[in-house]
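Data first, discussion second: the structure below is written as structure tokens.
Residue numbers (the numbering used here), protein chains in the order written: chain A, 46 to 396; chain B, 46 to 396.
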């Protein structure tokens, strides 16, 4: 039988619930590692990664700082490698590399470099056991096997892992317990997001610019949505902090622009004003959030997330939309997203 | 006489040398303020702004951390406003808002919010005297009057001001003294960048994606180049940390893609490999740096910056290219960049 375009990636998208459940089944192991890691104090946490993993680092840093009064930031691996003194000199820093594959060149280069400074420890957030080889500590997303080049379940499962870490370190085990049924919530959300994305792409033939907006933990997720639409759909896509969108980038908005609001409970009031303005400029608008259909009812498409989660808990689910929009753009264009142009599973740079 | 498209913005681009010279003529005032600011210790510096000023904050944070062993980061105003506890709770933080106009809604909201926390002081980096009304301290770029909506000299002069601040706080007054002739260096660079941009746009009719890459202090500058091409030229434009470009976004590269390398002395070796790879995919490539014609000689266009400056010193000059590319895209499309679509001088949000 002939291979169907993007079938491997599409199948893996639907395996995300199993990845969350595998983490829920290994929470004891994760807590054991975190107890050791946070037996020490740190001046700062630096989450690092490349591409999808950098966007994950952005979400993880926001989550951690929100649950723990320790400064955190996301820095891409190449910056740590090129400018280690700028980031870790004379400080007690926990560096957290995030990877699907342990052998991505820049991750290895960055971690080897910063670990040569005396105040640095590293905790890998990873899908690959081999990350243990060059890190002080490691927490693992144990069920994320991906045959595709495109990261889907590896991304969302590590978002989930980072949320668990933030909550545990912040003494909020009750919020982790409230995610016991996360796999089933994800199954429900997958079906709804799939239908939503299919409708959007089918009903708007001329779309040529795909924007995702989000604040707080949703900013990193928005960036990953941007990345999926680019990698899978070879389309012009961008992501911004929601209120940043007025400061320049909205100059491109017209009736061929899709704008997806990953709505955060803190931002719905301002999001509603922004959404109304973007509709005036002709944009097709989509709102996703706990009560999006009430908060952002002017949107052309609304999807509520009725699972009773807070914004941090929602983060591993809310970005499914980017995966499906990427998939349906690819379908429409006849692209096989299983073999994305120019890309490979891990970027290895020759010496 | 009929108004020529973009003539106001174009004229202001050529007034940037005067803005640098005005700062050089008021260094004593700036040092006096900085002596007061840094009489105290801070756990962290947070540079903040919106749009162009956020990109400036990214460059400024990198410069400051490189000259001073104090953690620094850039955070957009809306994030500080929505999530003050995530960023400033229980810490001694110097928050540095960057603005052309003091009345941008989000800047005011963010600063009023974070200053309600006991450990926070604020130092405005500004073109507007009225910033003094809601900040503890202020350093001013005194000659940046702009009639245009598009920020040009306000951006570069505050990059210069941020570099001066980083050097002064880091005890490197010799590096500031070495910029005594910065106005003349800028005049020379303006002419060369203008010619370069005109050649690129004239010789490549089909360009439809404009990418700027930079690491370190050049990342924020690259983002501002992205922004200029979007605001002035209504074109798809993006910016990335150079090595991040392989991790997804390069999937869009073809013969209609322009890639500008803002080359940093630390990154030329890896930049050369990346540039060669992007040429294989068909991209039109441009390299700008101190010795770009030697380091990145495979580029389709090279421009050397022979002024004897280091990377931090170069930062206020190297981004001129984005202003001129934006201008020549607008010229080609018949757009008047003096009246950019959907935009205004400062974003004011109604309550």
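All C-beta atoms in this analysis are idealised placements derived from N, C-alpha and C, irrespective of residue type, glycine included.
Check: Between the Cα of residue 75 of chain A and the Cα atoms of A/226, A/121, A/212 and A/305, which residue gives the shortest distance?; Outcome: A/212
Check: Give a yes or no on whether the minimum CB-CB distance between residue 82 of chain B and chain A is below 9 Å.; Outcome: no
Check: From the DSSP output, read off the bridge partner residues of residue 165 of chain A.; Outcome: A/138
Check: In three-state DSSP terms, what is residue 132 of chain A?; Outcome: helix
Check: Decide if residue 178 of chain B is buried, meaning its Cβ has at least 16 other Cβ atoms within 10 Å, or exposed.; Outcome: exposed
Check: Would you say residue 202 of chain B and residue 169 of chain B are within 9 Å of each other, going by their C-beta atoms?; Outcome: no
Check: Would you verify that the beta carbon of residue 335 of chain A is, or is not, closer than 9 Å to some beta carbon of chain B?; Outcome: no
Check: Consult DSSP for residue 250 of chain B and reduce its assignment to one of helix, strand or coil.; Outcome: coil
Check: Using the rule of at least 16 other Cβ atoms within 10 Å of the residue's Cβ for burial, across every protein chain shown, is residue 283 of chain A buried or exposed?; Outcome: buried
Check: Given a cut-off of 9 Å on the beta-carbon distance, is the pair residue 330 of chain A and residue 344 of chain A in contact?; Outcome: yes
Check: Which residues in chain B have a C-beta closer than 7 Å to the C-beta of residue 296 of chain A? List them in chain order.; Outcome: 275, 276, 279, 385, 386, 387 and 388
Check: I'd like the list of long-range same chain contacts for residue 388 of chain B, defined as Cβ closer than 6 Å, with 5 residues on each side in sequence excluded.; Outcome: 194
Check: Would you report the Cα separation of residue 133 of chain B and residue 50 of chain A, rounded to the nearest angstrom?; Outcome: 48 Å
Check: Starting from residue 319 of chain A and walking both ways along the alpha helix (DSSP H), at which residues does that stretch end?; Outcome: 313–325
Check: My understanding is that residue 54 of chain B touches residue 372 of chain B, with C-beta atoms under 8 Å, so please give their C-beta distance in whole angstroms.; Outcome: 7 Å
Check: What does residue 114 of chain A touch in chain B if you count any residue whose Cβ is under 7 Å from its own?; Outcome: 134 and 135
Check: Quickly, what does DSSP pair residue 118 of chain A with across the bridge? List them, please.; Outcome: A/91
Check: Measuring CA to CA, which of B/190, B/165 and B/191 is closest to residue 182 of chain B?; Outcome: B/165
Check: Any contact of the region 278–298 of chain A with the region 252–264 of chain A, i.e. 3+ C-beta pairs under 8 Å?; Outcome: yes
Check: Measuring CA to CA, which of B/271, B/214 and B/231 is closest to residue 84 of chain B?; Outcome: B/214
Check: If you run the structure through DSSP and keep just helix, strand and coil, what is residue 295 of chain A?; Outcome: helix
Check: Let me confirm a value: residue 94 of chain A is counted as buried when at least 16 other C-beta atoms fall within 10 Å, else exposed. Which label applies?; Outcome: buried
Check: Residues of chain B with CB under 7 Å from residue 131 of chain A, in chain order?; Outcome: 107, 110 and 111
Check: Can residue 186 of chain A and residue 68 of chain A be called in contact, C-beta distance under 9 Å?; Outcome: yes
Check: Determine, using beta carbons only, whether residue 119 of chain B and residue 91 of chain B come nearer to each other than 9 Å.; Outcome: yes
Check: Relative to the C-alpha of residue 359 of chain B, which residue among B/127, B/315 and B/228 is closest?; Outcome: B/228
Check: Can you give me the Cβ contacts of residue 268 of chain B inside the same chain, cut-off strictly under 6 Å, excluding the 5 residues immediately before and after it?; Outcome: 100 and 284
Check: For residue 260 of chain B, which residues from the same chain have a beta carbon less than 8 Å from its beta carbon, with the 5 sequence-adjacent residues on both sides left out?; Outcome: 286, 287, 288, 309, 311 and 312
Check: For residue 262 of chain A versus residue 111 of chain A, is the C-beta spacing smaller than 9 Å?; Outcome: yes
Check: Beta-carbon within less than 7 Å of residue 206 of chain B's beta-carbon, same chain only, minus the 5 sequence neighbours each way: which residues are those?; Outcome: 68, 170, 184 and 186
Check: Got a sec: is the Cβ-Cβ distance from residue 153 of chain A to anything in chain B below 9 Å?; Outcome: no
Check: Drop a sphere of 10 angstroms on the beta-carbon of residue 159 of chain A, count the other beta-carbons inside from all chains shown, and report buried for 16 or more, exposed for fewer.; Outcome: buried
Check: Distance, Cα to Cα, residue 59 of chain B vs residue 361 of chain B?; Outcome: 13 Å
Check: In this structure, how does DSSP classify residue 78 of chain A when only helix, strand and coil are distinguished?; Outcome: helix
Check: Is the CB of residue 286 of chain A under 9 Å away from at least one CB in chain B?; Outcome: yes
Check: Span of the alpha helix (DSSP H) holding residue 183 of chain B?; Outcome: Taken as a continuous stretch (DSSP letters only), residue 183 of chain B belongs to no alpha helix (DSSP H), being part of the beta strand (DSSP E) at 182–185.
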